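Trainee: This is the structure I have questions about; it appears just below.
In the numbering used here, the protein residues as written are -6 to 62.
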């Protein structure tokens, strides 16, 4: 059961900022040699967030490690 305090304490803008902070922390640098560490990690992170709210997504790789959602 929600309370008035729950509704008042929910901060959607703050939630967006937190999600962006987490995403920015993932190193998605593209060095041009398929050695970039985090494109797949970033895509998996977003896929997990979408799954948590019931949105199905798919990961695609144009080349190994170059992942799109």
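C-beta atoms are modelled at their ideal positions from N, C-alpha and C, and glycine is treated no differently. Predicted model, so just to flag it, every value in this text is computed and none were measured.
I'd like the span of the alpha helix (DSSP H) that includes residue 26, first residue to last.
Mentor: As a position in the chain shown, residue 26 is number 33, starting the count at 1. Note, residue 26: premise wrong, no alpha helix (DSSP H); not H, not E.
Trainee: Under the three-state reduction of DSSP, which class applies to residue 50: helix, strand or coil?
Mentor: Here residue 50 refers to the residue found at position 57 of the chain shown. Looking at residue 50 - three-state DSSP - the assignment turns out to be coil, as it is neither helix nor strand.
Trainee: Residue 32 and residue 52: beta carbons closer than 8 Å?
Mentor: For the purposes of this step, residue 32 is taken as the residue at position 39 of the chain shown. For the purposes of this step, residue 52 is taken as the residue at position 59 of the chain shown. No, they are not a contact pair.
Trainee: Starting from residue 17, follow the alpha helix (DSSP H) in both directions and report where the run begins and ends.
Mentor: By 1-based counting over the chain shown, the position of residue 17 is 24. It spans 5 to 18 - the alpha helix (DSSP H) in which residue 17 sits, taken as one unbroken run.
Trainee: Pull up the distance between the alpha-carbon of residue 17 and that of residue 8, whole angstroms please.
Mentor: Locating residue 17 in the chain shown gives position 24, where the first residue counts as 1. Locating residue 8 in the chain shown gives position 15, where the first residue counts as 1. If you take the alpha carbons of residue 17 and residue 8, they lie about 14 Å apart.
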